[in-house]
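Protein chains in written order, with the numbering used here: chain B, 957 to 1245; chain W, 2 to 366; chain U, 2 to 366; chain S, 232 to 623; chain Y, 10 to 305.
Here the structure comes first, spelled out in structure tokens, and everything after it is commentary.
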Amino acid sequence: MQWLERHVPKIVLAPSFIAALLFVYGFIGWTAWVSFTRSRLLPNYDLVGTIQYERLFASPRWEVALNNLFIFGVLFIGISMVLGLFLAIFLDQKIRTEGVLRTIYLYPMALSLIVTGTAWKWMLNPGLGLEAMVRGWGFEDFRFDWITNSDMAIYTVVIAGVWQASGFVMALFLAGLRSVDGEIIKAAQVDGIPTHRIYTAIIIPSMAPIFLSAFIVLAHLAIKSFDLVIALTGGGPGYATDLPATYMYAMAFSRGDIGQAAASATVMMIIVFAIVVPYLYSELRAKHD
Amino acid sequence: MSGILDIKGLYKNYGATEILKDINVGIDKGEFLVLVGPSGCGKSTLLNCIAGLEPISGGAIRIAGQDMTHVSPKDRNIAMVFQSYALYPTMSVAKNITFGMQVRGIDKATQASKLADVARQLQIEPLLKRRPGQLSGGQRQRVAMGRALVRDPALFLFDEPLSNLDAKLRVEMRTEIKRLHQDLGASMVYVTHDQIEAMTLATKIVVMKGGIIQQIGTPHEIYTRPANTFVADFMGSPAMNLIPARATPNGQGSMIEIARDGAEPLRLIEARHAGLEGDILLGLRPEDMHEAATRPGTPLQGGGVRVDVVEPAGADTYVVARLGGKEVTSRLGADTKARTGEVLEFGFDLSKASYFTPETGERLA
Amino acid sequence: MSGILDIKGLYKNYGATEILKDINVGIDKGEFLVLVGPSGCGKSTLLNCIAGLEPISGGAIRIAGQDMTHVSPKDRNIAMVFQSYALYPTMSVAKNITFGMQVRGIDKATQASKLADVARQLQIEPLLKRRPGQLSGGQRQRVAMGRALVRDPALFLFDEPLSNLDAKLRVEMRTEIKRLHQDLGASMVYVTHDQIEAMTLATKIVVMKGGIIQQIGTPHEIYTRPANTFVADFMGSPAMNLIPARATPNGQGSMIEIARDGAEPLRLIEARHAGLEGDILLGLRPEDMHEAATRPGTPLQGGGVRVDVVEPAGADTYVVARLGGKEVTSRLGADTKARTGEVLEFGFDLSKASYFTPETGERLA
Amino acid sequence: EPQAEVLHWWTSGGEARAVSVLQEEFSSRGGTWTDMPVAGGGGDAAMTALRARVLSGNAPTAVQLKGPAIQEWYEEGVLADISAVAEAEGWADILPTSIAGHMQCDGTWCAAPVNVHRVDWVWANKAILDEHGITMPTTWDEFNAAAETLQAAGVTPLAHGGQSWQDATIFETVVLGLGGPEFFRAALIDLDMDALQSDTMKAVFDQMRTMRGFVDSNFSGRDWNLATAMVMNGEAAFQIMGDWAKGEFLAAGKVPGEDFLCASTPGEGYLYNVDSFAMFTVSGEDNIAGQNLLAELIVGENFQEVFNLNKGSIPVRNDVALDAFDSCAVLSSEDMVATSDAGSLLPSYAHGMALRGAQAGAITDVVTAHFNSDMSSDDAVQMLADAVTNSM
Amino acid sequence: MTDATYPAQKQSRALQIALRWGLYLMLSVFAVWYLMPLFVMLTTSLKSLEEIRTGSLIALPREITFDAWRTAWSGACTGVKCEGLQPYFWNSVMLAVPAVMISTILGALNGYVVAQWQFRGANLIFALILFGCFIPFQVVLLPMARTLGLLDIAGTIPGLIFVHVIYGVGFTTLFFRNYYVTIPAELTKAAKIDGAGFFRIFWSIFLPLSLPIIVVTVIWQFTQIWNDFLFGVSFSQAGTQPITVALNNIVNSTTGVKEYNVDMAAAIIAALPTLLVYVVAGKYFIRGLTAGSVKG
Ligand SMILES: Nc1ncnc2c1ncn2[C@@H]1O[C@H](COP(=O)(O)OP(=O)(O)OP(=O)(O)O)[C@@H](O)[C@H]1O
Ligand SMILES: Nc1ncnc2c1ncn2[C@@H]1O[C@H](COP(=O)(O)OP(=O)(O)OP(=O)(O)O)[C@@H](O)[C@H]1O
Ligand SMILES: [Mg+2]
Ligand SMILES: [Mg+2]
């Protein structure tokens, strides 16, 4: 009984931990293994060395995908965080219509991208959407044709991505804001701290854990953004907006080249590891002193 | 109209409950107002209203001559110590204290020197790098004090700032606050439940009960001439004895008759007041009931009463006896001869007595 | 070995800092142990260790005869009031108080009656439906008390449970706690910074400093025979005067010589102790320095000293003068004749004096 | 009693109605049809689901599969043998040989063909052509000339959607048109390195660059049907797209030959996209019976006719009467017979008939990258060779 | 003498009002931005196919028709059946509700352990679980298919629930842990003294404090699961396909005729339950749940 009681926390955590070991780390290991094989339509397990990685890094399309991941990742995470935070702070100002606005900011999450992508595609299309509309108002020189421009198209993906995810980040921050002790805010007010400083210096630092949540969610979305690209640009023009996730999917499922997909997945995991682990380390470390 | 703070007809409700009712009080520059009253009487709420942290339901608040009723807290130029400390959890102690200065753009050197000063005063120098979570209760309270003390506002608001400190530190802090008040001529509103703090610090005391001000006066006035039995009972520890008695006019003064257990009533002469008649409450502080033997020279009127309880407490001994059908406490010296069950000859100092009507508790004389 | 609580060689570190060092203390059933010490000395930490809320770094804790060092808090059969209240924010006051009983499966009727009892004692009946966020500081503290008082544990742990209450309520609560202690024979460990609380409640006082126990003893021992200058200084308010003096053997006793400003040294005879010699500190409580005129009969040794400050405080007046190069405070009656700048004839009651070495502060006699 | 769970990606409108014909027929023969439609990405999503199903040991009975993918799955050892049905029905006789080849794995029959889509179509708005005095081009030079005329007149010559498969569709028609059937076979079926790096291939990329100039500036990411709508609405003159585009015209009430014109893309040859069903190894008599029945019905005359009328494609069987079909379909059918005899009936690479996924994808990557940038034809050819090598 | 920034109240009052207006303006601008695609979708869904083909895509409908909505709900073909989204709706509900509940509860418990019952290695375990959030789903598809086959829940709703719980728990744990670390440890201490055990403390003290984060978690999980396509399409079979697969079947046919109005209506219909969750759950974004709990 005593023993059981002392170990309840561990027992509670155990299933998730074991599941993670099996279904995350086990599968990562599996993927790593497959990346050293010649698997095509279905996985096979005969090792052939690093040939898949050689192919991967010889592929110009993968290079584009990686570059895009960095552009997209940085902008998407950065903008969504900032926007989400600001919206949360704004909504926290005893706004009368909070419920409505919150739902409006959140709803993009609810819509399946396979269709919203179409709507965005139209809006971003210079001939149909915003450009045409603004020109229609008489601004003949207005140009907004990023989606047709190989160099700029990735930024339209950022726009749609931010549109979809920032609302959720807002909700996350809003929950965080609501957990901050009101007395402390009062103390700061009396201390003569202007509202913006109260947020930057007192509330936001105490929400550091919530930032971690937001970051992980956004990073996850950035890395796994698949629907977004497929629906909005289909990876185009050309493969200018390809991301590792779309690359991997294409390799694994439309091209029957599972070994190649596994190699790209492994590289992706390594990148994620390199970015997330230091952050996690510092974040979880700080809680201890 | 008062100089620094002027509260007119202030009301405050939480929902349907009235917490503060028709509060009118003001202080001049350099005054030290102490708010006292039973737990839950609205002291913190009043401070919050002054600070602008709670919207008020009626009335007006002027600070330094300007109407502040609708001004946001940060523009009221006040410093406040919260009963619940409200430290910034993510900042170090030093940062907690200097943050306000930093925001105000005070230069680094001044910040550092003020911080050093305050840390010394509050004896928290070794703690400056810690987070609030790593402090003891008293240490947190001192940091909260520090945050206010580095400021130089029009008005300080202190909500029980010393309640978690040990006696020694408390005395020292009290002295610091007093010094602050005197040297800088700072104006203060101070909530405390410590009588000594109230008495030694205040230039003006406000006694509240249930959101209503009972009496405003100097510590001496409040202590010696309480406006009603509530104030009499509340201020002073142990409380003023309120002894049921009968008064009859008697020449220039009145004769006060007090029932005694198992003996005939005690008869005392009140020489100062002539008008007393009928049932009254005689208010007498424990220290105004002496052991007749120890003070033979003084103009005390004596009487023997059987002692029920003798409670030694360091320098004093509290002796409880029954008078007028009630327990009456007297504060005697540590070397008192009083013994439980024996009759002790008391000396009553009626020159310090107060008189109240039993019905409303209002002061008669 | 003690009955209810027995702490042996307890150590507690936070990281590299030692907070508690070699704590050895125990209490028997029905004892009332009061922990005192300066802010940050480790009182709350010790309570937390006893409760099992903080892992200890060394030593052992036995409760009611059983080794509890590694037992979880809920199985230690203790009740605790936290300095920081730690109320459950989403529960009503009533629920806060009954939660523990409910968890322990006590039947509804008992719960209700206990709740009613406690609410009456603590005067929080009208608040039972409120949330903690809607309470004043003192009310919260009482709810925190209530949570402990409904329990019937082997040991109560109280961490400054009355610090936010006004004097009157405080006295009443003190009485309740005392009653609880006496009627139920409950065992208690109680942290307070209130001297009177410590003195009136304790059967045993532990004085701590910097995580080390300085003295364990009855209130009377602690007050009259402090083990070192720290305890002497710490207990009693105002503190014991520690007057630098020179002692020379003198027949059956010692002669104590104290420097005076602008007059020749004061010479007093300590009749009880013969062995005193050289530089010493004479410890004398303010109440043991009398105004010679008021106590002509007692065996006081007199001497005139010029008065520096006269500070009236209700029943008492504190008079500060310089002796042995230090400020010395005496507690005189409200009707003292002392006037600033004038010389007052003091009477010193050496029968109550303590003596310490100036170097280590240890008690000599 | 026969049972079949059928995984396919014919989900909407005409397609679904078409396949429901099969379902009805299947039911009327006492079978139980369990529908498992998964649309998206030209069958990518369905393939994903299929893989998961196969790996979890729960393969569907029949799966819409086509081209070399059939052989690939066969190599994984998961396809069933339906030779018994094929032989009983005499498929070898009624199917064009090149198409029959796709249905056979190591000499046994493992899939049943459903229809033939022709990919190399040019669709045109008749009114526009008439207005500018243009006839359907028969060579790419004619096409270019016509396009230039139109462009000068302010009409977008080519309606196109900038999605990689659409780019690839144009590309293969150009390869066929400029290089001829032999070249097409060498380059896009046999992946002959010389062919891929030949001057002809450079010319193909040059033509692609030219075509890029005929497209309006908003083409990127446009759905094929919106491009079709441009032709329909007179915003553009031509579209190169498989015969499913006809469905859009017909759905809008347009009449072939009157409102719009259809013609094969310049050059000889015929690029086909044959849909088919492969049968997966399943257990249970009911399922096997279902497989056989399904195979029989799919190639059966009735289904071939009704289905293809709905779908806009033409029957795989050469013995179905085409009376009910429109003029474009008739043209398609005639061409099929002719090219089949001439040996220029070729599988479409853009629609996964010619190559395995990895190679087809590698080529498409280069084609779409070239089309959407200002890459030179020399570079494109080099890249093409590299990509194909890398995909092996 | 007094602090540097001394106020000019009259002006500050006017400023306050101006700021307030600015705030509302800003919020509205963002609202418009967020609503734009919805506007396009709504208007399109109310147009006839004819109008879409011939008119501008981004314009108000000339004539409003609800046909597309009707078709999307009960008439659109998603294969041989033309019953719209309706039949798939319940699959999704039966899948999403338990999956959200299980993963939320697990996440809450895990977060509670990691934040308030630290044991050695707890943070490491947390980090390991967390890292699972990043595994690309495409990667897990094939091995998971095999696993489901072995567990004999391939193609079933429980199988789908299982998958969603496994890959959702990383997030739910993350959310709860990061919310719970901000709750003062004194509460746990007090409850331990009161005799409450692990689960009791969780149930009575922490859950009631968790409303906002439960909302966030439910929103996230419900959205993720409801909108999931990849798992839905891979691990279902005929009869257990969720609504996204149906939506995809309506929208994503390659060579069929595109009915944008039906597509858009279908997308909005498919999103309705999620929207409902947002509206209902949103009420529990309550401020100051910890008010009055501890001082300091
Ligand atoms: N988490 C922590 N990390 C490091 N030091 C700590 C931590 N918690 C407390 N301390 C330190 O331990 C010492 C003892 O703290 P404790 O709370 O026991 O003091 P206390 O005697 O109760 O004081 P007070 O009367 O002010 O409440 C203090 O100096 C405090 O700063
Ligand atoms: N949010 C609230 N809702 C309802 N009543 C409240 C609220 N906050 C405080 N109160 C009530 O208002 C009264 C005054 O509270 P206040 O905090 O001002 O008391 P106080 O005088 O500071 O008491 P203490 O000495 O105990 O701190 C109390 O009775 C309290 O219960
Ligand atoms: Mg208060
Ligand atoms: Mg403490």
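Ideal Cβ placement from N, Cα and C applies to all residues, glycine included.
Terminal residues of the beta strand (DSSP E) in which residue i lies
| i | result |
| --- | --- |
| residue 1205/B | Note, residue 1205/B: premise wrong, no beta strand (DSSP E); alpha helix (DSSP H) at 1200-1205. |
| residue 11/W | 6-15 |
| residue 307/W | 302-314 |
| residue 259/U | 254-261 |
| residue 214/U | 213-218 |
Whether residue i touches residue j by CB criterion (8 Å)
| i | j | result |
| --- | --- | --- |
| residue 164/Y | residue 244/Y | yes |
| residue 618/S | residue 310/S | no |
| residue 333/U | residue 318/U | yes |
| residue 146/W | residue 94/W | no |
| residue 7/Y | residue 1165/B | Because chain Y here runs from 10 to 305, residue 7/Y falls outside it and cannot be looked at. |
| residue 86/U | residue 142/U | yes |
| residue 91/W | residue 1181/B | no |
| residue 4/Y | residue 87/Y | Residue 4/Y lies beyond the stretch modelled for chain Y, which goes from 10 to 305, so this question has no answer here. |
| residue 227/Y | residue 286/Y | yes |
| residue 41/U | residue 140/W | yes |
| residue 13/U | residue 209/U | no |
Start-to-end residues for the alpha helix (DSSP H) that takes in residue i
| i | result |
| --- | --- |
| residue 374/S | 371-383 |
| residue 965/B | 958-976 |
| residue 297/S | Taken as a continuous stretch (DSSP letters only), residue 297/S belongs to no alpha helix (DSSP H), as it is neither H nor E. |
| residue 50/U | 44-52 |
Assumed close pair residue i, residue j - CB separation to whole angstroms, cut-off 8 Å
| i | j | result |
| --- | --- | --- |
| residue 968/B | residue 118/Y | 5 Å |
| residue 1197/B | residue 1113/B | 5 Å |
| residue 1122/B | residue 1039/B | 4 Å |
| residue 408/S | residue 497/S | 4 Å |
| residue 474/S | residue 601/S | About 26 Å separates the two Cβ atoms, so there is no contact after all. |
| residue 345/U | residue 308/U | 5 Å |
| residue 205/Y | residue 1072/B | Rounded, the Cβ-Cβ distance is 47 Å, inconsistent with contact. |
| residue 445/S | residue 388/S | 4 Å |
Three or more C-beta pairs below 8 Å linking the region 43-58 of chain W and the region 157-173 of chain W: The region 43-58 of chain W is in contact with the region 157-173 of chain W.
Counting pairs of Cβ atoms below 8 Å between the region 225-236 of chain Y and the region 175-188 of chain Y, do you hit three or more? Three or more Cβ pairs drawn from the region 225-236 of chain Y and the region 175-188 of chain Y lie within less than 8 Å of each other, which places the two stretches in contact.
How about the region 28-41 of chain U and the region 184-204 of chain U: do they share at least three Cβ pairs that are nearer than 8 Å? Below 8 Å, enough C-beta pairs join the region 28-41 of chain U and the region 184-204 of chain U to call them touching: three or more.
What is the chain-ordered set of residues for which the beta carbon lies under 5 Å from any non-hydrogen atom of ligand 2? The filter returns 15/W, 20/W, 40/W, 41/W, 42/W, 43/W, 44/W, 45/W, 46/W, 135/U, 136/U, 137/U, 138/U, 139/U, in chain order.
If we count Cβ pairs, one from each stretch, closer than 8 Å, do we get three or more for the region 10-28 of chain W versus the region 169-179 of chain W? No, because fewer than three Cβ pairs between the region 10-28 of chain W and the region 169-179 of chain W fall closer than 8 Å, the two stretches do not touch.
Would the region 356-376 of chain S and the region 413-433 of chain S be scored as touching if the rule is three or more Cβ pairs under 8 Å? The region 356-376 of chain S, when compared against the region 413-433 of chain S, does not touch it at the 8 Å Cβ threshold.
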